[in-house]
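Novice: Residue numbers (full-length UniProt numbering): 1 to 943. One structure follows; several queries about it will come next.
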């Protein structure tokens with residue numbers, strides 16, 4: 001194990017005194033550096049080479065032979081001079097040697113010295129520092145890598161994470177191509193990951209002992225590398241006292257690791273020269289800089305060549321993980337720490353509490369959430385230790401004070417390889433945090449051998465009883481990021497799992513895969529409540545989910561069951577984009593929901609002005625399943641509007657195989673051949689045509705007399721093609737439609753102007769574009785139509801109030817809004833403005849104001865929809881190109897609609913969409929509770 005910093009500093013002072021009078025390079029340089037290595041406890045004289053031959057820049061031919069005074073591959077290059085020599089020229093000479101050194105052997109430090117002075121250049125940063133021999137102890141941490149100390153901020157976006165995964169990927173491919181694969185390959189790679197990390201963080205001594213072992217004790221052609229690695233793994237699995245007395249000294253220097261990591265005997269791997277070089281290339285990286293939080297996902301991706309092409313595209317960023325764990329437990333722990341930090345007994349009790357906490361991720365993957373949670377818990381413990389130390393407590397042995405350990409962390413992972421990675425990742429971050437403790441208190445601390453292990457179970461979380469992994473009564477927090485699979489995309493196995501988990505939940509077939517974890521978690525929390533002793537803190541849970549479970553039909557299905565089980569939402573992040581730090585970002589719109597079976601106050605609601613923006617937190621009294629502050633209202637599929645407004649329906653659905661639908665060119669071609677078809681052609685609008693101005697036409701033959709139809713052979717060919725298309729359908733109802741080939745499956749043809757609402761619209765738009773159409777135009781089933789709608793209805797549906805409702809309760813197609821008749825339109829609480837309100841009354845004036853503002857919106861569009869380059873609705877409602885005149889018209893309309901709601905008790909102003917939706921849900925609750933008894937009350941219930 002590395003010496004403590006206290007020992008290293010003491011030895012550095014003694015070294016400086018011993019060598020304060022040295023001056024001659026030829027006779028004193030070598031013993032000087034051997035003694036220097038002893039400062040760090042390095043007694044192995046083979047780690048470095050004196051007078052190492054290398055080609056260097058310089059001379060008439062550009063390169064000359066040279067000899068480096070001291071060279072430790074991958075670690076240190078030294079150019080030593082006699083006392084008083086020019087260090088500038090010495091550094092220039094030393095840097096010239098780098099051109100003749102293989103990339104993987106480039107040192108971390110370049111040092112020049114004349115006995116009296118040291119000049120140190122760190123190659124990675126280019127930083128240079130010079131100091132006197134007498135001050136060596138003040139700068140000794142520059143050489144910490146020699147002893148295995150490399151404590152620095154681990155950055156998840158550090159390119160070393162990607163490079164490390166790529167180099168391991170090359171080794172994986174070579175081994176697999178040689179015929180070494182499956183479970184054995186996975187375990188071998190996980191072991192090598194641990195060893196590479198141990199080589200750079202002081203677990204193996206001296207530093208880079210693994211690299212030295214491979215370079216010195218295996219043949220260049222790689223022929224004996226497999227057996228030598230097998231021997232190494234056996235040594236790492238054997239306590240020192242049980243090892244052979246005749247064991248090779250270089251192998252005997254490796255520590256006993258245990259932790260079952262090296263327990264299994266693997267088939268022997270056969271290496272060649274290229275494979276040996278690939279492993280040495282991996283050794284050359286600084287593995288102490290790896291972030292275990294994200295490297296696990298990258299490491300897993302090397303097993304899949306397609307996934308490796310986008311290395312880093314799908315791992316979870318630390319920022320996103322912190323969005324979940326901070327409100328779940330971390331913020332509360334830090335607040336408690338601040339309250340007790342100056343009270344020794346309470347601080348001691350708090351420290352014991354940290355040790356008792358347990359964390360369970362039932363879909364842990366490579367352990368990202370567990371790793372970050374553990375790291376943050378260790379950071380908090382470090383602050384506890386600092387507070388204790390500052391209060392005068394003596395820390396004679398740091399081992400006695402570290403309480404938090406990896407055995408507090410539990411997980412389930414369905415794939416074996418990620419489960420192994422999760423366990424090793426927790427060990428890696430444990431050692432990184434141990435090094436931080438060592439840095440802080442000057443006493444080296446490492447948990448080797450690995451006596452504590454994370455509890456990562458390889459299994460199916462939806463089939464296992466979670467209590468067999470961690471009894472619910474002992475669980476503190478359930479957390480994670482279960483898989484995102486839409487209800488329509490489930491495979492047969494996943495559907496069977498959903499049926500098993502969600503048995504007894506009505507309409508569970510509508511639910512996405514992630515909801516099964518919510519159901520299992522709710523039952524797990526109930527188990528805890530039934531088995532915990534009185535006074536024990538109940539566990540809490542939080543999951544990342546696609547936002548679909550808080551929108552549309554799924555809300556009523558899932559949350560009616562969860563609420564009935566006693567689930568209460570404690571905190572929530574409303575819709576945001578789930579991002580990561582690497583190239584090829586995966587854009588998924590997610591929510592985070594924290595919940596438990598007990599109530600908490602206040603609750604924390606995080607909103608986003610934009611899905612890629614930063615969260616804005618509000619403290620609220622309640623959070624409902626739509627993730628707004630409001631009552632626990634669940635919107636049903638309603639067949640008729642809640643208010644006295646015109647009914648909504650879909651447009652026409654031909655089921656024609658495309659034979660009745662024509663582009664403009666196809667229409668013109670048809671009319672050139674068959675001019676008599678002109679009366680039976682109508683404009684055709686779907687969402688694309690309505691929003692983006694595409695021109696399509698449809699043959700509408702419902703009212704065409706048989707004689708005229710038979711007189712149009714081109715049209716008749718299309719009718720026959722439709723009939724044949726329907727006859728070939730596997731659906732019996734569709735085949736029956738073949739008997740009436742000139743009719744559509746769904747026909748909705750208004751006789752007067754009607755309102756058009758696209759079913760799907762971009763989430764970027766502040767307002768959903770809607771508009772009026774004439775009865776001569778037919779609409780497809782990709783839009784909704786509202787026959788009989790007036791300017792008043794257009795105004796309310798175009799307002800910020802209705803758009804906020806839409807965003808909160810609609811379903812989604814990918815991230816786009818998916819309008820719904822049964823959920824969005826029919827449940828919408830309209831302003832209480834009867835159409836027969838007496839002239840001059842407040843209701844009459846409010847309704848007239850909305851109609852006037854609605855007409856102003858339509859008028860503001862007109863100038864832009866005319867001319868040689870007419871704007872489409874998509875142009876007009878793009879947030880980047882929306883005309884100022886149109887935006888102002890909408891803002892006046894918003895004010896008019898808000899004023900109408902204020903007449904029946906609503907606020908005059910709203911700070912956010914969430915506040916609008918909360919008001920609408922309260923109004924909905926009041927209206928629906930009064931429906932059986934009569935008209936709704938007008939007075940608003942004040943909170």
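Using N, Cα and C, we set each Cβ at its ideal position, and we do this for glycine too. Quantities reported herein were computed from a predicted structural model and do not represent experimental measurements.
Can the beta-carbon of residue 280 be found closer than 8 Å to that of residue 203?
Specialist: In the chain shown, counting from the first residue as 1, residue 280 sits at position 280. In the chain shown, counting from the first residue as 1, residue 203 sits at position 203. No.
Novice: If you draw a straight line from the C-alpha of residue 354 to the C-alpha of residue 75, how long is it?
Specialist: As a working note, residue 354 is residue 354 in the chain shown. As a working note, residue 75 is residue 75 in the chain shown. A straight-line Cα-Cα distance of about 38 Å links residue 354 and residue 75.
Novice: Residue 433 by DSSP, collapsed to three states: which one?
Specialist: Here residue 433 refers to the residue found at position 433 of the chain shown. Correct three-state label for residue 433: helix.
Novice: Would you mind working out which of 682, 378, 640, 245 sits nearest residue 408, comparing C-alpha positions?
Specialist: Walking along the chain shown from the start, residue 408 turns up at place 408. Checking every option, the nearest Cα to that of residue 408 belongs to 378.
Novice: Mind checking residue 584: buried by the 16 CB within 10 Å criterion, or exposed?
Specialist: Working through the chain shown from its first residue, we reach residue 584 at position 584. Note that residue 584 scores 41 on pLDDT, short of 50, meaning its location in the model is unreliable and no value can be drawn from it.
Novice: How do the region 283-293 and the region 260-274 stand: do at least 3 beta-carbon pairs fall below 8 Å, yes or no?
Specialist: no
Novice: If you drop the 5 nearest sequence neighbours on each side, which residues of the same chain put their C-beta closer than 6 Å to that of residue 885?
Specialist: As a position in the chain shown, residue 885 is number 885, starting the count at 1. The answer, listed in chain order, is 860.
Novice: In its own chain, which residues sit with a C-beta less than 7 Å from the C-beta of residue 838, not counting the 5 before and 5 after it?
Specialist: Residue mapping note: residue 838 aligns to position 838 of the chain shown, counting from 1. Result list for residue 838: 844, in chain order.
Novice: Using 8 Å for Cβ pairs, my map puts residue 890 next to residue 767. What's the rounded Cβ distance?
Specialist: Looking up residue 890 in the chain shown gives position 890. Looking up residue 767 in the chain shown gives position 767. Rounded, the Cβ-Cβ distance is 6 Å, consistent with contact.
Novice: For residue 182 and residue 367, what's the separation of their Cα atoms in angstroms?
Specialist: Taking the chain shown and counting its residues from 1, one reaches residue 182 at position 182. Taking the chain shown and counting its residues from 1, one reaches residue 367 at position 367. In a straight line, the C-alpha of residue 182 is about 21 Å away from that of residue 367.
Novice: How should residue 759 be labelled, buried or exposed, when 16 other C-beta atoms within 10 angstroms of its C-beta is the threshold for buried?
Specialist: Taking the chain shown and counting its residues from 1, one reaches residue 759 at position 759. By the neighbour-count rule (16 or more Cβ atoms within 10 Å), residue 759 is buried.
Novice: Using a 10 Å radius around the Cβ and a threshold of 16 neighbouring Cβ atoms, would you call residue 489 buried or exposed?
Specialist: The residue given as residue 489 occupies position 489 in the chain shown. Residue 489 should be labelled exposed.
Novice: What do you reckon, are the CB atoms on residue 448 and residue 206 nearer than 8 Å?
Specialist: As a working note, residue 448 is residue 448 in the chain shown. As a working note, residue 206 is residue 206 in the chain shown. Not closer than 8 Å, so no.
Novice: Which residues share a DSSP beta bridge with residue 479?
Specialist: Position 479 of the chain shown, counting from 1, holds the residue named residue 479. Note: residue 479 sits in a beta bridge opposite 542.
Novice: Report the partner residues of residue 113 according to the DSSP bridge assignment.
Specialist: Working through the chain shown from its first residue, we reach residue 113 at position 113. Beta-bridge pairing links residue 113 to 80, 118.
Novice: With C-beta atoms as the reference, is residue 641 less than 8 Å away from residue 826?
Specialist: Taking the chain shown and counting its residues from 1, one reaches residue 641 at position 641. Taking the chain shown and counting its residues from 1, one reaches residue 826 at position 826. Taking 8 Å as the Cβ cut-off, residue 641 and residue 826 qualify as a contacting pair.
Novice: Give every residue of the same chain whose Cβ lies closer than 8 Å to the Cβ of residue 6, excluding the five residues on either side of it in the sequence, and list them in chain order.
Specialist: Position 6 of the chain shown, counting from 1, holds the residue named residue 6. So the qualifying residues of the chain are 442, 443.
Novice: What whole-angstrom Cβ distance do residue 453 and residue 260 have, given they're in contact under 8 Å?
Specialist: For this step, residue 453 is matched to residue 453 along the chain shown. For this step, residue 260 is matched to residue 260 along the chain shown. Going by Cβ atoms, the distance from residue 453 to residue 260 rounds to 7 Å, so yes, they are a contact pair.
Novice: Roughly how many angstroms separate the alpha carbons of residue 526 and residue 927, rounded to a whole number?
Specialist: Your numbering for residue 526 matches position 526 in the chain shown. Your numbering for residue 927 matches position 927 in the chain shown. Residue 526 and residue 927: Cα-Cα distance of roughly 34 Å.
Novice: Using only alpha-carbon positions, find the residue among 85, 116, 122, 686 that is nearest to residue 95.
Specialist: Position 95 of the chain shown, counted from the start, is the residue given in the question as residue 95. Nearest C-alpha to residue 95: 122.
Novice: Tell me, to the nearest whole angstrom, how far the beta carbon of residue 892 is from that of residue 856; I am working on the premise that it is less than 8 Å.
Specialist: Locating residue 892 in the chain shown gives position 892, counting from the first residue. Locating residue 856 in the chain shown gives position 856, counting from the first residue. Rounded, the Cβ-Cβ distance is 7 Å, consistent with contact.
Novice: Look at the alpha carbon of residue 645 and the alpha carbon of residue 830, and state the distance between them as a whole number of angstroms.
Specialist: Counting from one through the chain shown, the residue named residue 645 turns up at place 645. Counting from one through the chain shown, the residue named residue 830 turns up at place 830. Residue 645 and residue 830: Cα-Cα distance of roughly 9 Å.
Novice: Using the three-state DSSP reduction, which class does residue 636 fall into: helix, strand or coil?
Specialist: Stepping through the chain shown from its first residue, residue 636 is reached at position 636. Coil, per DSSP.
Novice: Can you find the residues in the same chain that come closer than 6 Å, C-beta to C-beta, to residue 11, ignoring five residues on each side of it along the sequence?
Specialist: Position 11 of the chain shown, counting from 1, holds the residue named residue 11. Result list for residue 11: 39, in chain order.
Novice: What's the gap between the Cα of residue 665 and the Cα of residue 487?
Specialist: Taking the first residue of the chain shown as position 1, residue 665 is located at position 665. Taking the first residue of the chain shown as position 1, residue 487 is located at position 487. Their backbone Cα atoms lie some 40 Å apart in a straight line.
Novice: With distance defined between alpha-carbon atoms, name the residue in 812, 810, 688, 850 nearest to residue 779.
Specialist: Locating residue 779 in the chain shown gives position 779, where the first residue counts as 1. Here the closest residue by C-alpha is 688.
Novice: Can you tell me whether residue 647 is buried or exposed? The criterion is at least 16 other CB atoms within 10 Å of its CB, across all chains shown.
Specialist: Your numbering for residue 647 matches position 647 in the chain shown. It is exposed - the Cβ of residue 647 has fewer than 16 other Cβ atoms within 10 Å.
Novice: Which class does residue 577 belong to by DSSP, given the choice of helix, strand or coil?
Specialist: Sequence index remark: in the chain shown, residue 577 carries index 577 (1-based). It is a strand residue.
Novice: If I'm right that residue 593 touches residue 542 with Cβ under 8 Å, what's the distance once you round it to whole angstroms?
Specialist: Residue mapping note: residue 593 aligns to position 593 of the chain shown, counting from 1. Residue mapping note: residue 542 aligns to position 542 of the chain shown, counting from 1. The pair is a contact, with the Cβ atoms about 7 Å apart (cut-off 8 Å).
Novice: Is the number of C-beta pairs between the region 626-634 and the region 907-926 that are closer than 8 Å three or more?
Specialist: They touch, by the three-pair rule.
Novice: Kindly list the residues whose CB is nearer than 7 Å to the CB of residue 510, restricted to its own chain and excluding five residues on each side of it in sequence; keep chain order.
Specialist: Reading the chain shown from its first residue, position 510 is the one you call residue 510. For residue 510, where only same-chain residues beyond five positions count, the Cβ hits under 7 Å are 487, 553, 554, 557.
Novice: Of the choices 180, 238, 435, 119, whose alpha-carbon is the least far from that of residue 129?
Specialist: Taking the first residue of the chain shown as position 1, residue 129 is located at position 129. Among 180, 238, 435, 119, the Cα nearest to that of residue 129 belongs to 119.
Novice: Pick helix, strand or coil for residue 204, following the three-state DSSP scheme.
Specialist: Counting from 1 along the chain shown, the entry for residue 204 is found at position 204. Residue 204 falls in the coil class under three-state DSSP.
Novice: Please report the distance separating the alpha-carbon of residue 820 from that of residue 649.
Specialist: The residue labelled residue 820 in the question sits at position 820 within the chain shown. The residue labelled residue 649 in the question sits at position 649 within the chain shown. Computed Cα separation, rounded: 10 Å.
Novice: Measure the alpha-carbon distance for residue 740 versus residue 772 and round it to whole angstroms.
Specialist: Numbered from its first residue, the chain shown carries residue 740 at position 740. Numbered from its first residue, the chain shown carries residue 772 at position 772. Answer to the nearest angstrom: the Cα atoms are 31 Å apart.
Novice: Below 8 Å on the Cβ atoms is my guess for residue 114 versus residue 138; work out the distance and round it to an integer in Å.
Specialist: Position 114 of the chain shown, counting from 1, holds the residue named residue 114. Position 138 of the chain shown, counting from 1, holds the residue named residue 138. Actually they are not in contact, since the Cβ atoms of residue 114 and residue 138 sit about 19 Å apart, beyond 8 Å.
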